[in-house]
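Visitor: These protein sequences, in sequence, are chains A and B.
Per my numbering, the very first residue in the first sequence carries number 22; after that it's consecutive.
Per my numbering, the very first residue in the second sequence carries number 22; after that it's consecutive.
Don't be surprised by glycine CBs; every beta carbon is placed ideally from N, CA and C.
Just so you know, these numbers come straight off a predicted model, no measurement behind them.
Before I ask anything, let me first share the structure, which is written out below as structure tokens.
2 protein chains.
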Amino acid sequence: MSDDSSTRIVADLRRWIASVPPGTRLPSSRELRQRHRAGPATVQKALHALAAQGLVESRPGVGTFTLAIRTPRTVDFGWQTTALGTAGFRDGHGPTSLETIPNSVIGMHSGYPCRELLPEKLVRAAFARATRAENLMGRPPVAGLPDLQSWFATELAGATPDGVAPVSPSDVVVIPGSQSGLVTAFRALAGAGRPILVESPTYWGAMLAARQAGVQVVPVPSGPAGPSPEAVAESLGRTGARVFYAQPTFANATGWLWPRDRADAVLDAVRAAGAFLIEDDWAHDFAIDAAPQPLASRDDAGHVVYLRSLTKSVAPATRVAGLVARGPARDRILADHGAEALYVSGILQTVALDVVTQPAWRTHLRRVTEQLRGRRDLLLEALVRHAPQARVEAVPRGGLNAWVRLPDDAVVADVVARCRADGLTVGDGGEWFPAEPAGRYVRMNYAAAEPSQLGRAAEILGAALR
Amino acid sequence: MSDDSSTRIVADLRRWIASVPPGTRLPSSRELRQRHRAGPATVQKALHALAAQGLVESRPGVGTFTLAIRTPRTVDFGWQTTALGTAGFRDGHGPTSLETIPNSVIGMHSGYPCRELLPEKLVRAAFARATRAENLMGRPPVAGLPDLQSWFATELAGATPDGVAPVSPSDVVVIPGSQSGLVTAFRALAGAGRPILVESPTYWGAMLAARQAGVQVVPVPSGPAGPSPEAVAESLGRTGARVFYAQPTFANATGWLWPRDRADAVLDAVRAAGAFLIEDDWAHDFAIDAAPQPLASRDDAGHVVYLRSLTKSVAPATRVAGLVARGPARDRILADHGAEALYVSGILQTVALDVVTQPAWRTHLRRVTEQLRGRRDLLLEALVRHAPQARVEAVPRGGLNAWVRLPDDAVVADVVARCRADGLTVGDGGEWFPAEPAGRYVRMNYAAAEPSQLGRAAEILGAALR
Numbered sequence: 022m023s024d025d026s027s028t029r030i031v032a033d034l035r036r037w038i039a040s041v042p043p044g045t046r047l048p049s050s051r052e053l054r055q056r057h058r059a060g061p062a063t064v065q066k067a068l069h070a071l072a073a074q075g076l077v078e079s080r081p082g083v084g085t086f087t088l089a090i091r092t093p094r095t096v097d098f099g100w101q102t103t104a105l106g107t108a109g110f111r112d113g114h115g116p117t118s119l120e121t122i123p124n125s126v127i128g129m130h131s132g133y134p135c136r137e138l139l140p141e142k143l144v145r146a147a148f149a150r151a152t153r154a155e156n157l158m159g160r161p162p163v164a165g166l167p168d169l170q171s172w173f174a175t176e177l178a179g180a181t182p183d184g185v186a187p188v189s190p191s192d193v194v195v196i197p198g199s200q201s202g203l204v205t206a207f208r209a210l211a212g213a214g215r216p217i218l219v220e221s222p223t224y225w226g227a228m229l230a231a232r233q234a235g236v237q238v239v240p241v242p243s244g245p246a247g248p249s250p251e252a253v254a255e256s257l258g259r260t261g262a263r264v265f266y267a268q269p270t271f272a273n274a275t276g277w278l279w280p281r282d283r284a285d286a287v288l289d290a291v292r293a294a295g296a297f298l299i300e301d302d303w304a305h306d307f308a309i310d311a312a313p314q315p316l317a318s319r320d321d322a323g324h325v326v327y328l329r330s331l332t333k334s335v336a337p338a339t340r341v342a343g344l345v346a347r348g349p350a351r352d353r354i355l356a357d358h359g360a361e362a363l364y365v366s367g368i369l370q371t372v373a374l375d376v377v378t379q380p381a382w383r384t385h386l387r388r389v390t391e392q393l394r395g396r397r398d399l400l401l402e403a404l405v406r407h408a409p410q411a412r413v414e415a416v417p418r419g420g421l422n423a424w425v426r427l428p429d430d431a432v433v434a435d436v437v438a439r440c441r442a443d444g445l446t447v448g449d450g451g452e453w454f455p456a457e458p459a460g461r462y463v464r465m466n467y468a469a470a471e472p473s474q475l476g477r478a479a480e481i482l483g484a485a486l487r
Numbered sequence: 022m023s024d025d026s027s028t029r030i031v032a033d034l035r036r037w038i039a040s041v042p043p044g045t046r047l048p049s050s051r052e053l054r055q056r057h058r059a060g061p062a063t064v065q066k067a068l069h070a071l072a073a074q075g076l077v078e079s080r081p082g083v084g085t086f087t088l089a090i091r092t093p094r095t096v097d098f099g100w101q102t103t104a105l106g107t108a109g110f111r112d113g114h115g116p117t118s119l120e121t122i123p124n125s126v127i128g129m130h131s132g133y134p135c136r137e138l139l140p141e142k143l144v145r146a147a148f149a150r151a152t153r154a155e156n157l158m159g160r161p162p163v164a165g166l167p168d169l170q171s172w173f174a175t176e177l178a179g180a181t182p183d184g185v186a187p188v189s190p191s192d193v194v195v196i197p198g199s200q201s202g203l204v205t206a207f208r209a210l211a212g213a214g215r216p217i218l219v220e221s222p223t224y225w226g227a228m229l230a231a232r233q234a235g236v237q238v239v240p241v242p243s244g245p246a247g248p249s250p251e252a253v254a255e256s257l258g259r260t261g262a263r264v265f266y267a268q269p270t271f272a273n274a275t276g277w278l279w280p281r282d283r284a285d286a287v288l289d290a291v292r293a294a295g296a297f298l299i300e301d302d303w304a305h306d307f308a309i310d311a312a313p314q315p316l317a318s319r320d321d322a323g324h325v326v327y328l329r330s331l332t333k334s335v336a337p338a339t340r341v342a343g344l345v346a347r348g349p350a351r352d353r354i355l356a357d358h359g360a361e362a363l364y365v366s367g368i369l370q371t372v373a374l375d376v377v378t379q380p381a382w383r384t385h386l387r388r389v390t391e392q393l394r395g396r397r398d399l400l401l402e403a404l405v406r407h408a409p410q411a412r413v414e415a416v417p418r419g420g421l422n423a424w425v426r427l428p429d430d431a432v433v434a435d436v437v438a439r440c441r442a443d444g445l446t447v448g449d450g451g452e453w454f455p456a457e458p459a460g461r462y463v464r465m466n467y468a469a470a471e472p473s474q475l476g477r478a479a480e481i482l483g484a485a486l487r
């Protein structure tokens, strides 16, 4: 089935539909197949597209007929201004990391790896199996498929040292992607109007989730070795916050990794304050120089609430993540998840579990590590050569991104716009800062572009800085 | 591949694993196949299950090995009591409609139709097609797949009378199920702390969503002909609410349908108050005696915000719904959806669209209507015969449920428990009332049970009432 030929048939039929009165019968599928020299699936796909666009309707046993196209009149929604008020208003644009761009542009702005780094064969095979499975039509429990809960628990337990009680499967809540997990965790553990600590810089999606949950963001400065434990303790004490949101492993956008000692000291500060650490282990499957060691595996008193998503490493189509929490915190998170989502599609859970339990998944992850290392090194070398004005202050130890510092007199928005005009999209570093940025940065996702494009990307950035 | 034999292999191997030291190599797949007289897929499935349970690990090229099973120690989560406080606490149980029950029980408590009423062939075929599709690995736009937006818009436009501007595809936001749509709509249109009007009785999921969004629920009495327009106008005026949530078509749990004149008068009251009507068209695909005529099709000034879910009629696995709004309300809903979910799995959108655009979908819906009519009539007749103490005050015109009134001296919880003990689950009517119930009711989902079970169900209820 060719996408192109079905698109061509749609275009031809749209012209024809515009020229005939509503209610006209379309040529039969057979006539269309002959006229366009296309297979039955292609013609069927074209007819579906026209039906979805509201241009034709199918009357079973009779045929397919054109529909009237109405001209909309202008309507005044002014009354809504009063009804909506200003309280829920968000200014500004949506997440730029989700923008789609033309193929001709080198896209390094997104938060996702390119298709070549996804386990496409495994995902397709898993979907094919799940499609045939007996339980396809069923409804999974609110907390998730038991086997998937077990898998998330086992992954954490595997890193748990002796003397620490490992999490159990019932501590896992399967959620529809990490974004909703962040909103749920912020709402359940802090609550509207309350403060939460975040690193600065931090993940933009977490700030969006914080606004959504109505919590107040309090920034703590971070660096290549993570935040200072004293600063964390001081901020928790001063603000009364009981939640610290962090990405200790390959932070987005910097690729920084908290060293083991530092991580334990921060965890001690959180414990001493009677607080929660929400550990967003977003890049667990994107290690380069070091194996991820979740803090959650070294806590059994319920201080660490752990979030691990499979969306980016398995496939955007499988929006599944695990949220691990113990004690009353787990009960609150489960109740909040139930009220918000009821349950997560069973097939997405089945597919995610299938992919990550295949032996080939480990092979795939090793290949991803090699690919990421190669792309990262290519980009860093190219930046030194072609964009000497820019600097990567600490080599990312994992993750998808290089956090590139521009000269202090650069205007980031202008640099981003000049790159875009020359065929390169990068992320404006300001989006990762909760308040005024500590420097001028852009984020470049080396996992989103082709390796062969990375040299050209560095040239474009270099030119934009001149 | 047999589920039973793979379960048997898992049970056997669990016993064996408990008897050997950690790190022991499992017999090879071939040995297991011979020992259990099972096919390779069955053995593979058993090994996956053991891996997911953390009992074994596979080392590619070497074999599968047993893992140590740790004994968890008891941990004290008392510190969380202080950290969490009481503000986010929810008392009571989760939604009883989502409970799973043994096969031996006649299950009429759930909110879903039984598997025989789902278009299983269409869903399996659509998943199979989507699994092979080129775009499986892609990420859809935040507002949804354009073709699915078009389909939702076209469905509404089909019912739109002349002189009313039909909605356009860009007015549609595709969301991950109607529960999250309710939370989004309540939060975006009313906002925390503000009142919203609901019918009494109303859908329990809407009250759960209201609590989640932090809005205050104000009940308006409803009946077989819907709420009185004067009562709606008075409540909007008195409370200052700018949102009225309702199910005008085959309400859950009553099956009531607002007559056309009444619906228009209520819409006028909402318009006059400068308010929104959130129309939850949950049972659009479950008509029995009348074709659904959404109020949203008769409003083009942005007063009606329309919610249509495909979860219950297509499959629980496809958690996809459309939220239709115009003007600034649409912008707010889209921003809220983006912050909460980022986007909905592309494959679920593709599958839902595929199913509802097949010619066989119409045939399926006609069959569902006949099935629902047959089951409803069977249940109502059986209740008259076997449970004369109970009364259905108005025959449900559509939907899945009979709303059964018990004698005024009945204690509903006791009746529900006695039915349960005798092998029948029904919903406690109190869950559909925002405050004190106006009468003693149970909800019986005639679409969830087998037609052959409906007589026995009525007998059990009759006995429980004696």
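List the whole-angstrom C-beta distance separating E361 of chain B from S201 of chain B, where the pair is believed to meet the contact cut-off of C-beta under 8 Å.
Guide: About 7 Å; that satisfies the 8 Å criterion.
Visitor: How many whole angstroms separate the CB atoms of G276 of chain B and G419 of chain B, which I take to be in contact at a CB cut-off of 8 Å?
Guide: G276 of chain B to G419 of chain B, Cβ: 6 Å. Contact.
Visitor: Select from B:H358, B:L76, B:A408 the residue whose C-alpha is nearest the C-alpha of R208 of chain B.
Guide: Looking at the Cα atoms, B:H358 is the closest of the given residues.
Visitor: Check whether the segment 369-378 of chain B and the segment 143-157 of chain B touch, using three or more Cβ-Cβ pairs below 8 Å as the test.
Guide: Enough Cβ pairs lie closer than 8 Å, so yes.
Visitor: Which residue marks the beginning of the alpha helix (DSSP H) containing S256 of chain B, and which one marks its end?
Guide: From DSSP, the alpha helix (DSSP H) with S256 of chain B extends over 250-260.
Visitor: Against chain B, which members of the segment 63-74 of chain A pass a CB distance test of less than 8 Å?
Guide: So the list reads H69, A70, A72, A73, Q74, given in the order they occur along the chain.
Visitor: Consult DSSP for M465 of chain A and reduce its assignment to one of helix, strand or coil.
Guide: Of the three classes helix, strand and coil, the one that applies to M465 of chain A here is strand, per DSSP.
Visitor: Going along the chain, which residues of the segment 291-302 of chain A sit with their C-beta nearer than 7 Å to a C-beta in chain B?
Guide: Against chain B - using a Cβ distance shorter than 7 Å - the residues of the segment 291-302 of chain A are G295, A296, F297.
Visitor: Indicate whether at least one CB of chain A lies closer than 9 Å to the CB of Q233 of chain B.
Guide: So yes, Q233 of chain B belongs to the interface.
Visitor: Can you tell me the Cα-Cα spacing of V425 of chain B and R232 of chain A, whole angstroms?
Guide: One C-alpha to the other measures close to 44 Å.
Visitor: How many Å lie between L369 of chain A and G132 of chain A at the Cα?
Guide: Going by the C-alpha atoms only, they are around 21 Å apart.
Visitor: Mind listing the chain B neighbours of M158 of chain A? Cutoff is C-beta to C-beta under 9 Å, in chain order.
Guide: The contacting residues are R136, L139, E141, V144, R145, A336, P337, A338.
Visitor: For G2 of chain A versus P269 of chain A, is the C-beta distance shorter than 9 Å?
Guide: Chain A is shown only over 22 to 487; residue 2 of chain A falls outside these bounds and no answer can be derived.
Visitor: Please report the distance separating the alpha-carbon of A174 of chain A from that of G184 of chain A.
Guide: The straight-line gap from Cα to Cα measures roughly 17 Å.
Visitor: At the level of alpha carbons, what is the spacing between F98 of chain A and R353 of chain B?
Guide: So the alpha carbons of these two residues sit roughly 13 Å apart.
Visitor: When the Cβ atoms of the segment 380-388 of chain A are set against those of the segment 71-78 of chain B, are three or more pairs found closer than 8 Å?
Guide: No, the segment 380-388 of chain A does not touch the segment 71-78 of chain B.
Visitor: Taking C-beta pairs closer than 7 Å, name the residues in chain A that E452 of chain B reaches, listed in chain order.
Guide: Chain A residues near E452 of chain B: none, gap ~14 Å exceeds 7 Å.
Visitor: Could you tell me the distance, in whole angstroms, from the CA atom of Q170 of chain A to the CA atom of A338 of chain B?
Guide: If you take the alpha carbons of Q170 of chain A and A338 of chain B, they lie about 18 Å apart.
Visitor: Under 9 Å, Cβ to Cβ, is there at least one residue of chain B near A213 of chain A?
Guide: Yes, A213 of chain A lies at the interface with chain B (some Cβ there is under 9 Å from its Cβ).
Visitor: Alpha carbon to alpha carbon, how far is A267 of chain B from F454 of chain B? Give it in angstroms, no decimals.
Guide: Cα-Cα distance, rounded: 13 Å.
Visitor: How is S23 of chain A classed by DSSP in three states: helix, strand or coil?
Guide: Any reading at S23 of chain A must be qualified, since the residue scores a pLDDT of 47, below 50, and its modelled position is unreliable; no value is offered.
Visitor: Going by DSSP, name the residue or residues bridged to L278 of chain B.
Guide: Per DSSP, B:T270.
Visitor: Quick check: the segment 387-394 of chain A against the segment 283-302 of chain A, are at least 3 beta-carbon pairs closer than 8 Å?
Guide: With the cut-off at 8 Å, the segment 283-302 of chain A and the segment 387-394 of chain A do not touch.
Visitor: Go through its chain and collect everything with a Cβ distance to A178 of chain B's Cβ below 8 Å, but skip five positions before and after it.
Guide: Cβ within range, chain order: P187, V188, S318.
Visitor: Determine the DSSP secondary structure at V326 of chain A, reduced to helix, strand or coil.
Guide: Residue state, collapsed to three classes: strand.
Visitor: Whose C-beta lies closer than 7 Å to the C-beta of A252 of chain A among residues of the same chain, with five residues either side of it excluded?
Guide: The answer, listed in chain order, is V241, P242.
Visitor: Is N273 of chain A closer than 9 Å to L105 of chain A when the C-beta atoms are compared?
Guide: Their beta carbons are not under 9 Å apart, which means L105 of chain A does not touch N273 of chain A by this criterion.
Visitor: Taking contact to mean at least 3 C-beta pairs separated by less than 8 Å, is the segment 121-139 of chain A in contact with the segment 440-457 of chain A?
Guide: The segment 121-139 of chain A vs the segment 440-457 of chain A: in contact.
Visitor: Apart from the five residues just before and just after P245 of chain B, which ones in its own chain have a Cβ nearer than 6 Å to its Cβ?
Guide: Counting only Cβ-Cβ distances below 6 Å, and skipping sequence neighbours, we find W277, A415.
Visitor: Between A342 of chain A and S334 of chain A, which are expected to be in contact by the criterion C-beta below 8 Å, what is the C-beta distance as a whole number of angstroms?
Guide: Not confirmed; about 11 Å, so no contact.
Visitor: What is the rounded straight-line gap between the Cα of Q55 of chain A and the Cα of T28 of chain A?
Guide: Near 16 Å, if we compare the C-alpha coordinates of T28 of chain A and Q55 of chain A.
Visitor: Please state if the CB of I30 of chain B and the CB of A67 of chain B are separated by a distance shorter than 9 Å.
Guide: Yes, these two residues count as a Cβ contact at 9 Å.
Visitor: Could you work out which residues of chain B lie near L229 of chain A, taking near to mean beta carbons separated by less than 7 Å?
Guide: Within 7 Å Cβ-Cβ: A360.
Visitor: Could you tell me the distance, in whole angstroms, from the CA atom of S23 of chain A to the CA atom of A149 of chain A?
Guide: The predicted model places S23 of chain A with a pLDDT of 47, which falls under 50 and marks its position as unreliable; any figure quoted below should be read in that light. Cα to Cα, S23 of chain A sits roughly 21 Å from A149 of chain A.
Visitor: My understanding is that G403 of chain B touches G476 of chain B, with C-beta atoms under 8 Å, so please give their C-beta distance in whole angstroms.
Guide: Reading off the sequence shown, one finds Ala at residue 403 of chain B, where the question assumed Gly. A403 of chain B to G476 of chain B, Cβ: 5 Å. Contact.
Visitor: Does P61 of chain B get closer than 9 Å to chain A when you measure Cβ to Cβ?
Guide: So no, P61 of chain B is outside the interface.
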